[in-house]
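Residue numbers (the numbering used here): 9 to 382.
Each residue gets a CB set at the ideal place from its N, CA and C atoms; glycine is no exception.
Since the structure comes first, as structure tokens, the remarks are kept for the end.
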Ligand SMILES: Nc1ncnc2c1ncn2[C@@H]1O[C@H](COP(=O)(O)OP(=O)(O)OP(=O)(O)O)[C@@H](O)[C@H]1O
Ligand SMILES: [Mg+2]
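Written as structure tokens, this is what we have:
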């Protein structure tokens with residue numbers, strides 16, 4: 009605001025800006041921009057729009073019907089063309105792109121010429137996939153925090169009586185040397201109490217937040233350690249484990265102990281599902297993590313088994329804490345795996361088909377800075 013008494017600066021027209029400036033601005037925007045003319049042809053598209061939509065720019069795109077240029081995105085075409093008939097356009101809407109499953113947030117605008125006649129429709133959009141993932145992760149974290157607090161409180165209360173049962177059953181066992189039957193029952197009680205205690209420890213461990221000890225970690229080291237641990241914890245039988253790690257795979261900045269734990273849990277799950285027969289393949293390759301705005305160097309790790317697979321209704325729940333289909337399972341294995349992946353800011357997905365097997369793919373960023381190599 010002008011100070012009282014001072015003369016307002018003389019109003020001047022802004023200097024005329026050439027078309028090239030507008031073009032450069034729109035082309036360099038970090039939003040996708042595309043516009044369609046009244047006749048349904050593509051009037052403009054910038055590089056970011058091509059990138060988000062997963063299209064390769066081609067010479068004659070401009071001037072071609074958008075239904076052809078965007079043939080893989082019928083929903084985008086529909087949103088654009090139907091906007092000509094609307095007087096009021098929504099401020100913000102979202103759309104899931106079918107081929108890539110990306111979510112975009114967009115705004116539509118009527119493009120008016122100097123006579124204010126609507127000559128086109130423009131769409132400004134941004135890739136929200138990463139935002140969605142972060143929101144989902146946040147929701148999960150809140151749920152886990154509430155669940156965790158309750159589980160930790162119960163586990164804490166149960167720990168002492170359990171220890172009491174174990175000690176007292178031990179005392180009784182020493183006093184009943186004359187009765188082997190009674191001793192056998194007491195031994196069972198002690199073993200059961202020990203098992204319950206192990207579950208309590210596991211729950212307490214699960215609900216504790218992970219504090220990462222990040223260091224340069226070779227995936228191969230974690231896989232080797234995990235394979236030994238899994239062999240000692242579960243029955244492998246004659247299952248073959250193939251490890252296919254290319255030479256020169258980037259080291260990642262990760263918590264070596266947690267990475268080992270991740271592979272151990274996945275290997276144990278495979279062994280338990282496969283009943284002593286079949287093949288598990290662990291592989292890894294350099295990859296990129298798509299953050300929406302930028303791509304980060306990453307390593308994609310896969311662990312695939314040719315076991316029984318998981319029915320769809322079960323597969324939807326396997327990452328939930330305490331979900332298990334096993335009589336002796338605590339249902340924390342995959343929840344822990346997911347927690348470890350989240351702590352490393354990575355991504356995880358599961359592909360499974362009944363009778364064919366299960367494949368878990370994990371992508372972890374190489375680092376927040378530059379790539380590290382072995
Ligand atoms: N490789 C696999 N093949 C078939 N089913 C699997 C596989 N991995 C996991 N599952 C299914 O997912 C469920 C959840 O796995 P998760 O590791 O979280 O718990 P769990 O193995 O049952 O118990 P815990 O790991 O705590 O001992 C399992 O009970 C099983 O039904
Ligand atoms: Mg498990």
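Residues sharing a beta bridge with residue 113, DSSP:
For residue 113, DSSP records a beta bridge to 102, 134.
Opposite residue 294 in the DSSP bridges: which residues?
Answer is 307, bridged to residue 294.
Entirely within the region 17-68 and at least 4 residues each: give me those alpha helix (DSSP H) ranges in chain order.
Counting only runs of 4 or more, we get 27-36, 55-61.
List the whole-angstrom C-beta distance separating residue 170 from residue 204, where the pair is believed to meet the contact cut-off of C-beta under 8 Å.
Contact flag correct, Cβ pair sits at about 6 Å.
Whole angstroms is fine: what's the gap from residue 187's alpha carbon to residue 200's?
20 Å
Please return the same chain residues whose Cβ sits closer than 6 Å to the Cβ of residue 345, not counting the five positions on each side in sequence.
270, 273
Say the cut is 7 Å; is the CB of residue 318 nearer than that to a heavy atom of ligand 1?
yes
beta-carbon residue 276 near ligand 2 non-hydrogen atom, thresh 7 Å
Result yes, Cβ under 7 Å from ligand 2.
Endpoints, beta strand (DSSP E) assigned at residue 260:
260-263
Quick one: is residue 5 buried, meaning 16 or more other Cβ sit within 10 Å of its Cβ, or exposed?
Examination of residue 5 is not possible in this model, given that the chain is present from 9 through 382 alone.
Nearest-angstrom Cα distance between residue 279 and residue 61?
40 Å
Taking the alpha helix (DSSP H) that residue 341 falls in, what are its first and last residues?
341-351
Does the beta carbon of residue 334 fall short of 7 Å from some heavy atom of ligand 1?
yes
Using the beta-carbon count (16 or more within 10 Å), is residue 268 buried or exposed?
So residue 268 ends up on the buried side.
What does the alpha-carbon distance come out to for the pair residue 296 and residue 263?
20 Å
For residue 38 and residue 132, what's the separation of their Cα atoms in angstroms?
10 Å
Would you check whether ligand 1 has a heavy atom nearer than 7 Å to the C-beta of residue 343?
yes
Sequence-distant residues of its chain with Cβ nearer than 6 Å to residue 311 (five each side left out):
274, 290, 368
Below 8 Å on the Cβ atoms is my guess for residue 227 versus residue 307; work out the distance and round it to an integer in Å.
That belief holds up - the Cβ atoms of residue 227 and residue 307 are roughly 6 Å apart, short of 8 Å.
With DSSP as the reference, label residue 328 as helix, strand or coil.
Of the three classes helix, strand and coil, the one that applies to residue 328 here is coil, per DSSP.
Backbone CA spacing between residue 182 and residue 146 [nearest angstrom]
52 Å
Who are the near neighbours of residue 70 in its chain, counting only those whose CB is closer than 6 Å to its CB and skipping five residues on each side?
The beta carbon of residue 70 sits closer than 6 Å to the beta carbons of 50 from its chain, once the five residues preceding and following it are set aside; these are given in chain order.
Using only the alpha-carbon positions, how far apart do residue 175 and residue 370 sit?
43 Å
Short of 6 Å in beta carbon distance, which residues of its chain neighbour residue 167, apart from the five on each side in sequence? Order them along the chain.
208
Sheet register partners of residue 73 (DSSP bridge)
49
What residue from 100, 46, 52 has the CA that sits closest to residue 89's CA?
46
With 16 as the cutoff for other CB atoms within 10 Å, does residue 77 come out buried or exposed?
buried
Ligand 1 heavy atoms versus the CB of residue 280: any closer than 7 Å?
yes
May I have the straight-line CA-CA distance separating residue 40 from residue 298, to the nearest angstrom?
16 Å
Relative to the C-alpha of residue 63, which candidate in 318, 105, 116 has its C-alpha closest?
105
Does residue 172 pass the burial test, meaning 16 or more other C-beta atoms within 10 Å, or should it be called exposed?
exposed
Rank 117, 284, 135 by C-alpha distance to the C-alpha of residue 102 and give the top, closest one.
135
Looking at residue 273 and ligand 1, is the gap between the Cβ and the nearest heavy atom below 7 Å?
yes
Nearest candidate by alpha-carbon position, reference residue 324, set 361, 302, 309
361
Enumerate in chain order the residues of its own chain whose CB-to-CB distance from residue 282 is below 7 Å, with the five nearest sequence positions on each side excluded.
247, 313, 315
Would you please verify whether the beta carbon of residue 373 is less than 8 Å from any beta carbon of chain D?
Note that chain D does not occur in the displayed structure, where there is just one protein chain.
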